[in-house]
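Enquirer:
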Amino acid sequence: MPLLAVTRDLSPAFEQCQLTHLARQPIDLARARAQHAAYQRCLASLGCQVERLPAGDSLPDCVFVEDCAIVLDEIAVLTRPGAPSRRLEVPAVEAALRPYRPAVHIAAPATIDGGDVLRIGRTLYVGLSTRTTGLAIEQLEGLVGPFGYQVVAVEVRACLHLKSAVTEVAPNLLLVNPAWTGDWVRAFDRLEVDPDEPFAANALRVGDALVYPCAFPGTRARLEARGLDVRPVDVSELAKAEGAVTCCSLVFEAS
Ligand code: GLY
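This is the structure:
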């Protein structure tokens with residue numbers, strides 16, 4: 032079945048992005064666009080058909096499509112992002128997903144960002160971050176429960192999203208920053224980030240490969256020592272906007 036990667040071009044307003052844990056610093060938009068293009072080429076090299084959505088001129092964070100939807104095998108859950116400036120990003124992502132999945136929605140006043148949802152098998156771990164509310168987690172449970180998914184609310188500490196703190200890098204193997212995750216991760220085989228690289232837990236798994244920022248050589252060495260196939264990408268300008276590699280695409284089987 033073809034693998035689709037939905038991405039969205041960078042907004043000209045990218046520099047006005049939301050920031051929660053980072054100080055604002057100048058962003059080189061041309062360089063950010065070049066890095067985003069290389070990221071998309073990396074996805075294509077891994078077999079993804081990349082579907083690029085045009086940017087929203089007044090949607091600074093629209094490149095971070097992951098936050099707008101949780102794509103499961105059966106349905107797409109359209110989110111209601113926690114930052115009000117990001118809510119207008121959702122309709123374009125919904126239109127792109129509709130040919131592939133029935134769409135269901137998180138309703139106000141609940142809020143949730145896709146970056147807070149980590150799927151491991153039939154369980155969705157959902158981070159109670161500054162963007163995601165308990166009410167949204169309850170709604171998500173109601174939407175996905177009928178398809179056999181379990182939803183588990185988990186703590187997120189000192190970072191933007193759950194997937195800033197932990198991602199799955201191989202079946203049941205988690206890459207974690209232990210300072211930002213709760214005890215629930217102990218139920219899994221774990222690889223910890225290099226202590227000098229706190230932002231290094233976000234890896235995008237595509238098939239057996241990992242799209243991974245080149246900014247974290249210490250953690251990359253740990254991944255490769257476990258035999259993982261790491262495909263480095265330079266996302267330094269995107270990282271200034273508090274974005275990471277999972278945020279920039281929605282990858283799923285185009286059934
Ligand atoms: N700049 C990404 C976010 O805060 O949502």
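For the sequence shown, the working numbering gives the first residue as 32, with consecutive numbering after it.
Cβ atoms here follow ideal geometry from the backbone N, Cα and C, with glycine treated the same way.
Computed from a predicted structure; not experimentally measured.
1) Are there any heavy atoms of the ligand GLY lying less than 7 angstroms away from the beta-carbon of G274, as far as the coordinates show?
2) Would you list the residues sitting across from A201 in a DSSP beta bridge?
3) Go ahead and label G152 buried or exposed: buried means 16 or more other beta carbons lie within 10 angstroms of its beta carbon, across all protein chains shown.
4) Alpha carbon to alpha carbon, how far is A234 from E273?
5) Hey, how far is the Cα of D220 from the Cα of L206?
6) Taking 7 angstroms as the cut-off, is the C-beta of T110 nearer than that to any heavy atom in the ligand GLY?
7) Using the rule of at least 16 other Cβ atoms within 10 Å of the residue's Cβ for burial, across every protein chain shown, is A123 buried or exposed?
8) Which class does H67 belong to by DSSP, given the choice of helix, strand or coil?
9) Any chance the CB of E50 is under 7 angstroms from a heavy atom of the ligand GLY?
10) Using CA coordinates, which residue listed in A36, R72, L159 and P229 is at the minimum distance from L53?
11) Kindly indicate the opening and closing residues of the beta strand (DSSP E) around G158.
12) What are the start and end residues of each continuous alpha helix (DSSP H) run of 4 or more residues lying completely inside the segment 190-259, in chain order?
Expert: Quick look at the numbers:
1) Yes; taking the cut-off as 7 angstroms, the Cβ of G274 has a heavy atom of the ligand GLY nearer than that.
2) Beta-bridge annotation (DSSP): A201 is paired with L204.
3) By the C-beta density criterion, G152 is exposed, having fewer than 16 other C-beta atoms within 10 angstroms.
4) Taken atom to atom, the span from the alpha-carbon of A234 to that of E273 is near 14 angstroms.
5) Take the alpha-carbon of D220 and the one of L206: they are about 9 angstroms apart.
6) In this structure, T110 has its CB at a distance of at least 7 angstroms from all heavy atoms of the ligand GLY.
7) Buried.
8) Of the three classes helix, strand and coil, the one that applies to H67 here is helix, per DSSP.
9) Per the sequence presented here, residue 50 reads as Leu, with Glu not at that position. For the ligand GLY, at least one heavy atom lies less than 7 angstroms from the Cβ of L50.
10) For the options A36, R72, L159 and P229, the alpha carbon positioned closest to that of L53 is the one of P229.
11) Under the DSSP assignment, G158 falls in the beta strand (DSSP E) whose first and last residues are T154 to L159.
12) Segments of the alpha helix (DSSP H) lying fully in the segment 190-259: 193-196 and 248-256.
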